[in-house]
Amino acid sequence: QGSNIDIEKTPWCNSILLYGLERTETEEQLRKDPDVQLLPRVIERIVLPKLSKLTSLCWDPLSSSQTVSLVGLVTKLIQEYPTITPTSKFLTNLINTVLDKMKEAVENDVFIPIYPQQRLSEAKVNNFSYDSVQLL
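Quick note: the sequence shown uses my numbering, first residue 657, plus one each step.
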C-alpha cells in the first residue's frame with residue numbers, strides 16, 4: 657500500500673543497522689557480533705509496544721484498508737525479525753490489543769439482527785394489518 661512506511665528505509669533503522677559496523681569485518685565476525693541482534697530487539701521492544709498503542713488508539717477494525725495494513729506489517733515483522741516469536745510478551749500484548757479492539761467493534765458497532773430482514777418486514781406488515789382490522 658502506498659501509505660505504508662517501510663521500517664527498513666527509515667533513518668533510525670539505517671543508523672541501527674550500521675551501528676558498530678567496521679569496514680574490515682568479515683561475515684564470520686558479523687555472525688558472532690552481539691550488535692547484530694540490536695535491530696531485532698529494538699523492533700520487538702520499542703516498535704511492537706508503539707504499534708500496540710497505535711492499534712489501541714487509532715485502528716478501526718471495520719476498516720478493511722487499515723486491517724490489511726496492520727496484518728501486512730505484523731506478518732512482515734514476524735517473518736523478518738527472529739526475536740518476535742509466539743512467546744514474545746510484546747507480540748502477545750499486540751495480539752491481545754487487536755482482539756480487544758475487535759470485541760469492542762462487534763459489541764458497539766455491528767448490529768446483527770435476530771431475525772432476517774424479510775421476517776422483520778413480514779412482522780411489520782402483519783402488525784399493521786392487525787391494527788387496521790382493529791380500527792374497523
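Beta carbons are placed, not taken as given, at the ideal position from N, Cα and C, and that holds for glycine.
| Spatial neighbours of GLN722 in its chain, beta-carbon cut-off 6 Å, leaving aside the 5 residues before and after | TRP715 and ASP716
| Would DSSP call ASP756 helix, strand or coil? | helix
| task | Give the straight-line distance between the Cα atoms of SER720 and CYS669, rounded to the nearest whole angstrom. | result | 28 Å
| field | Nearest to LEU750 (by Cα), restricted to the options THR711, GLU763 and GLU760 | value | THR711
| task | Answer yes if the stretch 721 to 737 comes into contact with the stretch 675 to 686, meaning at least three C-beta pairs across the two stretches below 8 Å, and no otherwise. | result | No, they do not touch.
| query | How big is the Cα-Cα spacing for THR739 and LYS745? | reply | 11 Å
| request: Enumerate, from N- to C-terminal direction, the unbroken alpha helix (DSSP H) stretches of 4 or more residues contained entirely within the stretch 664 to 752. | output: 667 to 674, 683 to 688, 694 to 698, 704 to 714 and 720 to 736
| Exposure of THR753, with buried meaning 16 or more beta-carbon neighbours within 10 Å | buried
| query | Taking the alpha-carbon positions, what's the TYR675 to ASP662 distance? | reply | Their backbone Cα atoms lie some 19 Å apart in a straight line.
| request: Output the distance between the C-alpha atoms of THR616 and VAL703, rounded to the nearest integer angstrom. | output: Past the edges of the chain, shown from 657 to 792, lies residue 616, and the structure says nothing about it.
| request: Could you give the DSSP three-state label for VAL762: helix, strand or coil? | output: helix
| field | Assumed close pair ILE672, VAL698 - CB separation to whole angstroms, cut-off 8 Å | value | 6 Å
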